[in-house]
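In what follows, a single structure is set out as structure tokens and then discussed.
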Amino acid sequence: MTHRSPRLNRWIVFVAVLLMLVGFGSGAGSVMAAEKIIKIGTIFPLTGPVATAGQRCQAAVQTAVEIINNKHPEIKVPLAKQEGILNGYKIVLVHADSQGKPDVGKSEAERLLNQEGVWALIGSYNSSVSKPASFVAERMKRIFMCGASSSAALTQRDMNYFFRLAPTDKTESIEFVDVLKWMNKTKKANVKTIGIIYENSEFGKHAAEEAKMAAAAGGFKVVADVPFSPGATNLNSEVQTLKKSNPDALFGAVLGADYSLLVRTMKQMAWLPNIAINYCSGYQDPVITKQLAGDADFFMGSTAYSPQFASLMPAVAAVEKIFKSKTGGVPFDGDSIQEAVAMLVLAQAIEKAGSLDPDKVAKTLYANTWDSPLSLGGKVAFVKGGQNIKAQSIVTQLQGGQYKRIYPEEMADTKIIFPMKPWGKR
Amino acid sequence: METFVQVLLDGMLNGMVYALVAAGLCIIWGVMDVINFAHGEYLMVAMYVSYWLGFLLNVDPLLSVIAAGIFIFILGAMTYQLIIRYTIGKPGLVALLATFGLAIFLKNACMNRFSPNFLILTDTWLSDKTLHMGNLIFPVPQLVAGLLSLVVVGMIYALINTTRFGWAIQATAMDRDAAELMGINTDRIYLVVFGIGGACVGIAGGIMPSYLAVHPEVGSMFGLIAFVCVAMGGFGSIPGAFIAGILVGSVEALAGFYIAPVFKYIAVFGLYLTVVFLRPKGIFGW
Amino acid sequence: MQRKALNKKDALWLGFVVLLALLPLAPVVAANSFHMHVAILILLFASMAQAWNIIGGYCGQVSFGHSVFFGIGAYGAGMAVVTYGGTPWPGILIGVMLAAAIAVVISYPCFKLSGHYFAIATFAIVEIFHRTFLVWDWVGGALGLDYPLVKEGLKNLMWYDTKTGYYYCALILFLLIFGVVRWLEGHRFGYYMRAVREGQETAESLGVNSTAVKLAAMALSAALTALCGAFFVQYNLRVDTPMVMSLDMSMKFVLITVLGGSGTLVGPLLGAAVLIPLQEYSRALWGGLGGGVDLIIFGLLIILIVVKQPAGMIGIIRDIGKRVLKQKSAAKGDSADGTP
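Residue numbers (this note's numbering), protein chains in the order written: chain S, 1 to 426; chain B, 427 to 712; chain D, 713 to 1052.
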């Protein structure tokens, strides 16, 4: 048995802990900001289950900053022609990873604002992260621009410094039900029942609740309410449940890999509804058409952007070129483009307000309608609570791997294929 | 009735895949008393191997199983050589936490290399094929995976129970020191056992890209279910793990369909608790 | 002799605590609330690990189910504020008592299991609670509970602009839990626990009712864990199931304790003091790159520490201490190692 000196041990512990607590402080100290720089923080889920989306969103903000900071006469977007804003201020991004976790997102928001000294935040994709992170910004009277989080609750909090670009799941639900009504009227589609499949997370649950309300208001009956655990090994019982109640229409709030699993399981079980509409989610991931090929066809969903909207949004192509160089060729999708818009609109507001006073910029953001060639409809305007009321999305249908515009009719370029073509006849 | 049979069938086929994943974990646990927390990540790596072979060289997953099996055999052997070797004889928690660290490492290294995007192989020999018998639908990829599972588990069972090498493994599992005295190189046995455990899950992962998307998070749930199967089956019992796998698959499917889809994993974990509360060493344990 | 040594040790702890208490006054920390955040997390996670240490380290029952109790505490406080619009205090109290009660109920059958069967049973319990809470609308389900804006202060246990309040609360929590364990170490019950860890049959033969000891240890551990959970939710102002009641969270309890040195008083603090800054600062440095570099390093480091020194940080420090001592004694000309 060896003899140890307890006293010495305690001292070492003591010193080690002190070093940990204080020593790190000087090590990770912040860099002093040089002149003429505006620091903007981004918080996205760069690791974890939704890292794909998070990394694309980050690339979108980077794209926007590149346009703002440099002269890009070929791009028809406000601020592209000039270099920087406010007579030569350049935007510098500070990136953070939320891992998709609310507590991490909140502490990263605090770190960016306090330690990195960022002037405003952009984020955070997951609604559950955007909520606490924007709360931090609001308390510090800093602007939080939210691109893609869709939970309607975010803009019902009466915040003064929070702005959200994307349409909410409430708007989308109402639009989906309108599509069904329109189908019943014009095509005698005779859709009466709805099934909902959604991932059991804040995003999916919220979408499903809005869907149920919209369905009830539109006189449709929800016959299947199927939440599932994201990351499940199979979706057999989920699809089997849908198949049993066999709704006419299916609403889906399903992300990424789960979406491809859902479509393939539906094919395996040889079941299809007459019409399937998805919230901004797995459906509008541009990778899906490549990965699922013909199986992805005839599904529908709300889409805020797709490369096939080029005729509606001519300015995007040049911007997308920069974006693609950052993502290895993946084009914008409806979520990531909203983050680019968030950055651009914020820069426009700073330019217009002519000052870096967050109060002034926030007031300017509310007071004006912004030109936004990257948005569907080309305009952005905020109402109290921070919702962008000009947010639009088009209901599209995948036909031959292309997102075809179906509804509203005045924006359509193709006729809907109804009912969906059965698996055997493709 | 038809629906019941269909649901049960889907569940059992899935269960056979669980069994194959669990068999690898089971043999490692049985021989070395180590829980390999990175087991689900082995599966994920194997799926990437199979995916890239298919994508770059156009090899069908059905053939890639061999390559994936060999690759994970090597990964397993390396894990043993570099990590597990140092944890033998230390508290059981040590190996578990070391493999937990390995799981975090593998998951994020794959994300770093291959991006978090999910990847799908289209137009493989098996993908989306189905067999119809009356109104019953047999999904071919799962069917083949199930048969493969049966074959591989059978082979391993035979290896352990009928060959000299298998007896050496059994001897090592029973008493390492005694086996060492009998002239068995137990260090090598451990190395090979960890490799074989890896190869099992490698084979399972090799076939999966023909029906499942590949992404860095894909292994987590499979790994967790494999733990449950192994413990439910009983300490190191391969038939036990196999039966437990099928049981888990069936219960998952039936509970998912007849109660509610969100309850399917609750039912699986509830089943485990029920089994071990009744038989504290699992179905086949002693 | 024994008495004197104890006093010395406690005096050292006292000095350490006073230093911790004065820490917020140091400008380097107070000026920058991220360092403060890290300090708070260190204290919180050290407390959580210490609570786990009671059952996992001293009593030898490796539970991966502590996020259940953590979650119950968190939901207790969260529901008191969000669902019932009151102060968190009654919720904390109910959460703590409920956690202890549930710990007893679910542990009783689990304690009949041994080794890995017990560990996996606790996994299963976490998953069952996790998934049940996700579909249970009364507790907020998948939507989670978000705190409203209320008045700052101790009454609501909430501060917005400064973290000093949270820091002192975390310090009190830390002191409470370390104090309990410190007291247990010298108390009869602490000896019972260690006896059960070293050998259940032997302990039984000496007249220790091992089931009762384990249940009591689990209940105490769960109650203290729930307290930490309540603090966690007050700090983050949001509670949802993946945040508090997940396997990830469960692993943290075990990881910190074991990396620090399980079954020792300082182990949990050491583990937290190394792991938490590592996690937070590496994420701050590399997280934004998006390649998961911070987590890759984190994973490698866990492997390294566990493999090199299974006794944890405390083992490393002991090794260093031994070496220093050897050199000292070599210089003096006599061997310290030889004396009993």
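Ideal placement from N, C-alpha and C gives every residue a C-beta, glycine not left out.
All values derive from a computational prediction rather than experimental measurement.
Beta-carbon contacts of residue i that lie in its chain and below 7 Å, excluding the five residues immediately before and after
i                : result
Trp423 (chain S) : Lys267, Ala270 and Leu272
Gly27 (chain S)  : In this prediction, Gly27 (chain S) has a pLDDT of 37, which is less than 50 and means its spatial position is unreliable; nothing more can be read from the coordinates.
Asp436 (chain B) : Ala679
Val893 (chain D) : Gln762, Asn765, Ile766 and Leu977
Leu21 (chain S)  : Low confidence applies here, because Leu21 (chain S) scores a pLDDT of 44, under 50, leaving its location unreliable and the question unanswered by this model.
Endpoints, the beta strand (DSSP E) within which residue i is located
i                 : result
Ser302 (chain S)  : Met300 to Thr303
Val403 (chain S)  : Here the sequence assigns Tyr to residue 403 (chain S), which means Val is not the residue at that position. Gln402 to Tyr407 is the extent of the beta strand (DSSP E) around Tyr403 (chain S).
His558 (chain B)  : Thr556 to Met559
Val380 (chain S)  : Lys379 to Ala381
Asn278 (chain S)  : Ile275 to Asn278
His95 (chain S)   : Lys90 to Asp97
Cys146 (chain S)  : Ile143 to Cys146
Ala1023 (chain D) : Unbroken run through Ala1023 (chain D): none, as it is neither H nor E.
Val223 (chain S)  : Lys221 to Phe228
Trp895 (chain D)  : From DSSP, Trp895 (chain D) is part of no beta strand (DSSP E) but of the alpha helix (DSSP H) over Thr876 to Gly898.
Leu39 (chain S)   : Before going on, a small fix: residue 39 (chain S) reads as Lys here, not Leu. Unbroken beta strand (DSSP E) run through Lys39 (chain S): Ile37 to Phe44.
Spatially closest choice to residue i from the options, by CA coordinates
i                 : options                                   : result
His95 (chain S)   : S:Pro102, S:Asn87 and S:Arg111            : S:Arg111
Lys555 (chain B)  : B:Phe544, B:Pro642 and B:Leu569           : B:Leu569
Phe497 (chain B)  : B:Ala472, B:Pro487 and B:Gly441           : B:Ala472
Ser994 (chain D)  : S:Tyr89, S:Glu108, S:Glu66 and S:Lys39    : S:Glu108
Ile389 (chain S)  : S:Ala59, S:Arg164, S:Pro132 and S:Arg142  : S:Arg164
Ala508 (chain S)  : D:Glu864, D:Gly865, D:Lys863 and D:Asp858 : Since the first residue shown for chain S is 1 and the last is 426, residue 508 (chain S) is missing from the structure and cannot be characterised.
Gly1024 (chain D) : D:Gly979, D:Thr953, D:Asp952 and D:Ala786 : D:Gly979
Pro517 (chain B)  : D:Gly898, D:Phe943 and D:Gln773           : D:Gln773
Leu732 (chain D)  : D:Gly902, D:Ile814 and D:Ile884           : D:Ile884
Ser663 (chain B)  : B:Leu451, B:Val677 and B:Tyr444           : B:Leu451
Leu545 (chain B)  : S:Ser237, S:Thr241, S:Asp285 and S:Ser302 : S:Asp285
Residue interval of the alpha helix (DSSP H) (run including residue i)
i                : result
Glu74 (chain S)  : Unbroken run through Glu74 (chain S): none, as it is neither H nor E.
Glu467 (chain B) : His465 to Leu483
Cys626 (chain B) : Thr612 to Ile633
Phe309 (chain S) : It is not in any alpha helix (DSSP H) - Phe309 (chain S) carries neither H nor E in the DSSP assignment.
Asp169 (chain S) : Asp169 to Lys187
Asp960 (chain D) : Leu959 to Gly972
Contacts around residue i, its chain only, beta-carbon distance under 6 Å, and the 5 residues preceding and following it disregarded
i                : result
Leu488 (chain B) : Trp551
Leu967 (chain D) : none
Met634 (chain B) : Met473
Tyr698 (chain B) : Val654 and Met658
Ala208 (chain S) : Ile196 and Tyr198
8 Å Cβ shell around residue i - same chain, five flanking residues per side excluded
i                 : result
Asn274 (chain S)  : Ala189, Val191, Asp248, Ala249, Phe418, Pro419 and Met420
Asp103 (chain S)  : Pro132
Thr1051 (chain D) : Confidence at Thr1051 (chain D) is low in this model, with a pLDDT of 39, below 50, so the placement of that residue is unreliable and no value is reported for it.
Met32 (chain S)   : Confidence at Met32 (chain S) is low in this model, with a pLDDT of 42, below 50, so the placement of that residue should be treated as unreliable; the coordinate-derived value is given next. The answer is none, since no qualifying residue turns up.
### Contact set between the stretch 1008-1034 of chain D and chain B, restricted to residues whose Cβ is under 7 Å from the partner
Ile1008, Phe1010, Gly1011, Leu1012, Ile1014, Ile1015, Val1018, Val1019 and Pro1022
### Cβ contact check for the stretch 175-188 of chain S and the stretch 146-158 of chain S: 3 or more pairs under 8 Å
no
### Within 9 Å of chain B by C-beta, residues of the stretch 952-982 of chain D in sequence order
Leu959, Met963, Val966, Leu967, Val970, Leu971 and Ser974
### Message
Counting only Cβ-Cβ distances shorter than 9 Å, please list the residues of the stretch 626-645 of chain B near chain S, keeping chain order.
### Response
Tyr637, Leu638, Ala639, Val640, His641, Pro642, Glu643 and Val644
### Message
Using a Cβ distance threshold of 8 Å, determine whether the stretch 803-815 of chain D contacts the stretch 1004-1022 of chain D, with at least three qualifying pairs required.
### Response
no
### Task
Kindly confirm or deny that the stretch 770-789 of chain D and the stretch 923-939 of chain D touch, where touching means at least three C-beta pairs closer than 8 Å.
yes
### Query
Quick check: the stretch 114-125 of chain S against the stretch 39-47 of chain S, are there 3 or more CB pairs under 8 Å?
yes
### Query
Using a Cβ cut-off of 7 Å, which residues of the stretch 525-546 of chain B contact any Cβ in chain D, in chain order?
Phe526, Gly527, Leu528, Ile530, Phe531, Asn534, Ala535, Met537 and Asn538
### Query
Are the stretch 592-601 of chain B and the stretch 610-617 of chain B in contact at 8 Å, needing three or more beta carbon pairs?
yes
### Query
Can at least three beta-carbon pairs, one atom from the stretch 742-757 of chain D and one from the stretch 980-991 of chain D, be found at a separation below 8 Å?
yes
### Task
Check distances from the C-beta atoms of the stretch 43-68 of chain S to those of chain D and list, in chain order, the residues that come in under 7 Å.
Leu46, Thr47, Gln55 and Gln58
### Query
Can we say the stretch 462-471 of chain B touches the stretch 329-345 of chain S, given the rule of at least three CB pairs closer than 8 Å?
no
### Message
Tell me which residues of the stretch 654-684 of chain B have at least one Cβ-Cβ distance to chain D shorter than 7 Å, keeping chain order.
### Response
Val654 and Ala657
#### Entry: Near-chain D residues of the stretch 108-119 of chain S - C-beta to any C-beta below 8 Å
Glu108, Glu110, Arg111, Asn114 and Gln115
### Query
When the Cβ atoms of the stretch 474-484 of chain B are set against those of the stretch 663-683 of chain B, are three or more pairs found closer than 8 Å?
no
### Task
Taking 8 Å as the threshold, find out whether the stretch 321-335 of chain S comes into contact with the stretch 294-309 of chain S through three or more Cβ pairs.
yes
### Message
With three or more beta-carbon pairs closer than 8 Å as the criterion, would you say the stretch 528-535 of chain B touches the stretch 998-1011 of chain D?
### Response
yes
### Query
Given 8 Å as the limit, is there contact between the stretch 172-183 of chain S and the stretch 214-225 of chain S, that is, 3 or more CB pairs closer than that?
yes
### Message
Residues of the stretch 253-276 of chain S in Cβ contact with chain B at a cutoff of 8 Å, in chain order, please.
### Response
Gly256, Ala257, Ser260, Leu261, Arg264, Lys267, Gln268, Met269 and Ala270
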